[in-house]
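Remarks on the structure that follows.
2 protein chains.
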Amino acid sequence: MTASETWLEQLHDNGYRITAARRAVVHTVFGATHALTPQEVYDAARKIYRALGLVTVYRTLEKLEELHLIQRVHQPVGCQAFIAAGVGHQHLLLCQGCGQVEFFEGDDLDALTRSIARKTGYQINEHWLQLFGLCMNCRS
Amino acid sequence: MTASETWLEQLHDNGYRITAARRAVVHTVFGATHALTPQEVYDAARKIYRALGLVTVYRTLEKLEELHLIQRVHQPVGCQAFIAAGVGHQHLLLCQGCGQVEFFEGDDLDALTRSIARKTGYQINEHWLQLFGLCMNCRS
DNA sequence: TTCCTTACTGAAAATCATTTTCAAATAGTA
DNA sequence: TACTATTTGAAAATGATTTTCAGTAAGGAA
Numbered sequence: 262m263t264a265s266e267t268w269l270e271q272l273h274d275n276g277y278r279i280t281a282a283r284r285a286v287v288h289t290v291f292g293a294t295h296a297l298t299p300q301e302v303y304d305a306a307r308k309i310y311r312a313l314g315l316v317t318v319y320r321t322l323e324k325l326e327e328l329h330l331i332q333r334v335h336q337p338v339g340c341q342a343f344i345a346a347g348v349g350h351q352h353l354l355l356c357q358g359c360g361q362v363e364f365f366e367g368d369d370l371d372a373l374t375r376s377i378a379r380k381t382g383y384q385i386n387e388h389w390l391q392l393f394g395l396c397m398n399c400r401s
Numbered sequence: 262m263t264a265s266e267t268w269l270e271q272l273h274d275n276g277y278r279i280t281a282a283r284r285a286v287v288h289t290v291f292g293a294t295h296a297l298t299p300q301e302v303y304d305a306a307r308k309i310y311r312a313l314g315l316v317t318v319y320r321t322l323e324k325l326e327e328l329h330l331i332q333r334v335h336q337p338v339g340c341q342a343f344i345a346a347g348v349g350h351q352h353l354l355l356c357q358g359c360g361q362v363e364f365f366e367g368d369d370l371d372a373l374t375r376s377i378a379r380k381t382g383y384q385i386n387e388h389w390l391q392l393f394g395l396c397m398n399c400r401s
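These protein sequences, in sequence, are chains S and B.
Anchor point for the first sequence: position 70 equals 331 in this note's numbering, and the numbering is continuous, going up by one each time.
Anchor point for the second sequence: position 140 equals 401 in this note's numbering, and the numbering is continuous, going up by one each time.
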């Protein structure tokens, strides 16, 4: 069983059927090291399953997002791309050169959020943190 | 001089002309306490200047963003809304109830970014941090 | 295994946001 | 006041996403 099949399992466990189209989309997105737009998923997945339609890509991405298997990536250039979601509380680190996405964890923003909560009177529920930089390859 | 006129001045200083349409858009966005989509700006600004066209809203927002007077706000529901930009290095705090936007500063992520840089080999150039919660009003 | 129901499919059409085109209007300098 | 380049709004064009629909096929039931 390849790792991407755990996604197919999850789809199945949630009452969705496993089809050739979904296999192709899942395989494509699961293996990606950078965020892919629906069109990019379509282009790549059609190399695996020629008859795939773009509409099915949209519909499959929607389901994968609903199951928290993928997540939308917000970037200055746009917010339509998706990447496999990290497990647990993770944040993104994006390479401005090649677009590669890495996850990291271990941010401790408790002190910060407590301080902001005190200053503003807000009850803070969530945070988005994302770092941008250059990966090892793109630095040189 | 109302405060929003500093934006008009900036437009003028950068070679753009001051028109009734731009006045209406600037006044609308400058005074907003939550992020507005182009359509929302259009609806509100047309109360000031009836003949305004939606296209002009898009074009004016583009210029204001270019001059860093406004910034795009990324939210789970979408990323098309704009708010007056903060001065200096500031981050956003969004109320999940009413949509109100506040700025805060004084995040110290140096320790974090250094640690991530060491672990990943990335050269980190920038970060996006955004907090979500409930404002004083919406808490009660 | 075969059957049957229902979910899924791709194509085409519809929708929605945004951008481009264009001729008329006008800001603001000369 | 006159002039010229910028700006305008409307309409058309574009591009992304969603909906519709009739045919297909997954996968549980028999």
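Where is the CB? At the ideal position from N, CA and C, for every residue including glycine.
This structure is a prediction, so every number in the text was calculated from the model and none was measured.
Interface partners of residue i on chain S, CB under 8 Å
| i | result |
| --- | --- |
| GLY394 of chain B | ALA378, TYR383, GLN384, ILE385, ASN386, GLU387 |
| PHE365 of chain B | ILE377, LYS380, THR381 |
Contact belief for residue i with residue j at Cβ below 8 Å, rounded distance in angstroms
| i | j | result |
| --- | --- | --- |
| ILE309 of chain B | GLY394 of chain S | 43 Å between Cβ atoms; not a contact. |
| GLN341 of chain S | THR298 of chain S | 5 Å |
| GLU326 of chain S | ARG333 of chain S | 7 Å |
| LEU390 of chain B | LEU390 of chain S | 5 Å |
| LEU330 of chain S | ALA345 of chain S | 7 Å |
| VAL302 of chain B | VAL318 of chain B | 5 Å |
Interface flag, residue i vs chain S, CB-CB below 7 Å
| i | result |
| --- | --- |
| HIS288 of chain B | no |
Backbone CA spacing between residue i and residue j [nearest angstrom]
| i | j | result |
| --- | --- | --- |
| ARG400 of chain B | TYR383 of chain S | 8 Å |
| THR374 of chain S | GLY314 of chain S | 45 Å |
| THR280 of chain B | HIS295 of chain B | 25 Å |
| VAL362 of chain S | ASP371 of chain B | 21 Å |
| VAL217 of chain S | GLY360 of chain S | Given that chain S is displayed from residue 262 to residue 401, the structure contains no residue 217 of chain S and the question cannot be resolved. |
| GLN351 of chain S | LEU272 of chain S | 23 Å |
| TRP268 of chain B | ARG278 of chain B | 12 Å |
| ARG284 of chain B | GLU266 of chain B | 8 Å |
| GLY358 of chain B | THR263 of chain S | 43 Å |
| ASP304 of chain B | LEU328 of chain B | 23 Å |
| GLY367 of chain S | LYS380 of chain B | 12 Å |
| GLY347 of chain S | PHE364 of chain S | 7 Å |
| GLN293 of chain S | ARG307 of chain S | Reading off the sequence, residue 293 of chain S comes out as Ala, not Gln. Each residue's alpha carbon lies about 15 Å from the other. |
| LEU392 of chain S | ILE377 of chain B | 9 Å |
| GLY349 of chain S | HIS388 of chain S | 14 Å |
| LYS324 of chain B | GLN300 of chain S | 29 Å |
| GLY276 of chain S | GLU270 of chain S | 10 Å |
| VAL286 of chain B | ASP274 of chain B | 18 Å |
| PHE343 of chain B | ASP369 of chain B | 25 Å |
| ALA282 of chain S | VAL316 of chain B | 39 Å |
| LEU322 of chain S | CYS356 of chain B | 28 Å |
| HIS288 of chain B | CYS396 of chain S | 42 Å |
| ASN398 of chain S | ASN398 of chain B | 48 Å |
Within chain B, the residues that residue i reaches when beta carbons sit closer than 8 Å
| i | result |
| --- | --- |
| PHE291 of chain S | Neighbours of PHE291 of chain S on chain B: none; closest Cβ ~21 Å, over 8 Å. |
| GLN351 of chain S | Per Cβ cutoff of 8 Å: no residues; GLN351 of chain S is ~12 Å from chain B at best. |
Partners in chain S for residue i, counting only beta-carbon separations shorter than 9 Å
| i | result |
| --- | --- |
| ARG400 of chain B | GLY382, TYR383, GLN384 |
| LEU354 of chain B | ILE377, THR381, TYR383, ILE385 |
Amino acids of chain S, ordered along the chain, whose beta-carbon sits closer than 7 Å to that of residue i
| i | result |
| --- | --- |
| THR374 of chain B | LEU392 |
Secondary structure of residue i, DSSP reduced to three states
| i | result |
| --- | --- |
| VAL334 of chain B | strand |
| HIS295 of chain B | strand |
| CYS356 of chain B | strand |
| CYS396 of chain S | coil |
| LEU390 of chain S | strand |
| ALA312 of chain S | coil |
| GLN351 of chain B | coil |
| ILE385 of chain B | strand |
| ALA306 of chain S | helix |
| ILE279 of chain S | coil |
| ALA342 of chain B | strand |
| GLU366 of chain B | coil |
Partner residues on chain B for residue i, Cβ-Cβ distance less than 9 Å
| i | result |
| --- | --- |
| HIS402 of chain S | Past the edges of chain S, shown from 262 to 401, lies residue 402 of chain S, and the structure says nothing about it. |
| GLN357 of chain S | ASN386, GLU387 |
Cβ of residue i within 7 Å of any chain B Cβ
| i | result |
| --- | --- |
| ASP368 of chain S | yes |
Closer than 6 Å: residue i CB and nearest the ligand SAM heavy atom
| i | result |
| --- | --- |
| PHE291 of chain B | Ligands are entirely absent from the displayed structure, and the ligand SAM is therefore not among its contents. |
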